[in-house]
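What follows is a single structure, written as structure tokens, with notes after it.
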């Protein structure tokens with residue numbers, strides 16, 4: 344498949360079937376995805392994979408540490424993202440230099456796009472989520488972030504029975520300014 348076709352085929356999917364995702368396949372996709380551009384070869388990323396019993400334990404641990412007032416809201420919010428058979432958390436270090444941190448964030452975003460395209464090529468369905476709770480200290484602690492790290496996003500990964508079609512996008516020609 345041509346790259347342009349693969350880019351257009353990639354869609355966000357939020358409903359997955361029960362089929363398990365092979366962790367080794369995801370690791371292979373990540374091995375390829377790390378060939379994203381990154382300034383000074385800092386490679387500012389690491390990954391946490393949550394699946395099966397590990398995913399259930401993570402959710403239980405996180406919910407148990409959230410205050411009583413937030414428990415129901417937290418369960419509902421988590422149930423949406425964690426309905427996927429496998430979740431990939433993309434984690435990066437915080438950089439004290441604003442410019443370096445911005446470049447690192449852009450590098451992780453490029454890596455995530457690589458992962459999404461590779462997953463599409465492997466007939467996996469995905470959705471990139473950035474729920475507010477990934478910023479909470481409790482979430483970061485439970486997922487294993489160091490004090491100097493943040494979660495950039497959670498990628499829901501699995502298989503779907505839905506026939507999801509790409510949504511129409513604006514034509515680039517309507518967005519381009521050319522200076523001659």
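Residue numbers (the working numbering): 344 to 523.
Ideal placement from N, C-alpha and C gives every residue a C-beta, glycine not left out.
A quick note: this is a predicted structure, and the numbers were derived from the prediction, not measured.
Report the option in 517, 510, 493 and 371 whose CA atom is closest to the CA atom of residue 350.
-> As a position in the chain shown, residue 350 is number 7, starting the count at 1. Of the candidates 517, 510, 493 and 371, the one whose C-alpha sits nearest the C-alpha of residue 350 is 510.
For residue 394, does the count of other Cβ atoms within 10 angstroms reach 16, so buried, or fall short, so exposed?
-> By one-based count along the chain shown, residue 394 stands at place 51. Classification for residue 394: buried.
For residue 487, the first and last residue of its enclosing beta strand (DSSP E) | Walking along the chain shown from the start, residue 487 turns up at place 144. No beta strand (DSSP E) contains residue 487, which DSSP labels as neither H nor E.
Whole angstroms is fine: what's the gap from residue 505's alpha carbon to residue 424's?
-> Position 162 of the chain shown, counted from the first residue, corresponds to residue 505. Position 81 of the chain shown, counted from the first residue, corresponds to residue 424. Computed Cα separation, rounded: 17 Å.
Quick one: what's got a C-beta closer than 7 Å to residue 420's C-beta in the same chain, skipping five residues either side?
-> Within the chain shown, residue 420 is the residue found at index 77, counting from 1. Taken in chain order, the residues that qualify are 474 and 476.
Who are residue 344's beta bridge partners in DSSP?
-> Here the question's residue 344 lines up with position 1 in the chain shown. Answer by DSSP bridge pairing: none, since residue 344 is not bridged.
Own chain residues within Cβ distance below 6 Å of residue 495, not counting five before or after = If you number the chain shown from 1, residue 495 lands on position 152. Excluding residues within five positions, the ones whose Cβ falls inside 6 Å are 433, 435 and 451.
Local conformation of residue 379 per DSSP, three classes = Here residue 379 refers to the residue found at position 36 when the chain shown is read from its first residue. Correct three-state label for residue 379: coil.
Alpha-carbon spacing of residue 521 relative to residue 514, whole angstroms | Residue 521 sits at position 178 when you count from the first residue of the chain shown. Residue 514 sits at position 171 when you count from the first residue of the chain shown. Taking the straight line joining both Cα atoms gives about 15 Å.
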